[in-house]
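Engineer: What follows is a single structure, and I will ask about it in a moment.
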Amino acid sequence: MPAFNDTPGLLAAIQRLRAAEIQAAEDYRLALSTGDADLARAKKKDWLDLVESLRKVEQSNPDIQKANAQTLPVADVERETARMVNAFRVALESLPRSLPQKLVGADQVAIQETLAQAVNEALGQLHTKEWTVKE
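Under the numbering used here, residues 27 to 161 are what the sequence shown spells out, in order.
Shown next as structure tokens:
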């Protein structure tokens, strides 16, 4: 069982309410498995009361609804960030292998232009999302 979040504030209270709702749903599921109709009825009422409380709190606070709509799972953000950084790293690491033949015999201006173009192409991957995995 996770530690109790005793942080003050509405967001922490909603987190506690969500945790209580999850626990109440589990209690109801376990009560159903006992075959005790009275216990199951009581646990179902407890669970539905928490669901209704959570619904009211979230509905009455538009900021919470907006935050919920804009929330991304941390694992997804971490995974995509890792892909992006890895693709950029690979692009940068490939420069010493791909550029020498283009730079041999070039003057200073041509070298600078070639290097700038290669760096811009690597940076462009970040903006065009070329690092994303097509699913």
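Ideal placement from N, C-alpha and C gives every residue a C-beta, glycine not left out.
Nearest by alpha-carbon distance to Ala-68: which of Leu-80, Lys-82, Asp-53 and Val-77 is it?
Structural biologist: The residue with the shortest Cα to Cα distance from Ala-68 is Asp-53.
Engineer: Which whole-angstrom value is the C-beta distance of Trp-73 and Ala-50, which I expect to be below 8 angstroms?
Structural biologist: Trp-73 to Ala-50, Cβ: 4 angstroms. Contact.
Engineer: Quick one: grab the DSSP three-state call for Gly-61.
Structural biologist: Three-state DSSP puts Gly-61 in coil, outside helix and strand.
Engineer: Buried or exposed for Ala-117, going by 16 or more other Cβ atoms inside 10 Å?
Structural biologist: With 16 or more Cβ atoms within 10 Å of its Cβ, Ala-117 is classed as buried.
Engineer: With DSSP collapsed to three states, give me the class of Glu-47.
Structural biologist: In this structure, Glu-47 counts as helix in the three-state DSSP scheme.
Engineer: Specify the secondary structure class of Val-130 as computed by DSSP and reduced to three states.
Structural biologist: Looking at Val-130 - three-state DSSP - the assignment turns out to be coil, as it is neither helix nor strand.
Engineer: Looking at C-beta atoms only, is the number of pairs between the stretch 106-125 and the stretch 147-156 that lie closer than 8 angstroms three or more?
Structural biologist: Cβ pair count under 8 angstroms is three or more, so yes.
Engineer: Let's test the definition: count the other Cβ atoms within 10 Å of the Cβ of Ala-57 and tell me whether it reaches 16, buried, or not, exposed.
Structural biologist: With 16 or more other Cβ atoms within 10 Å, it is buried.
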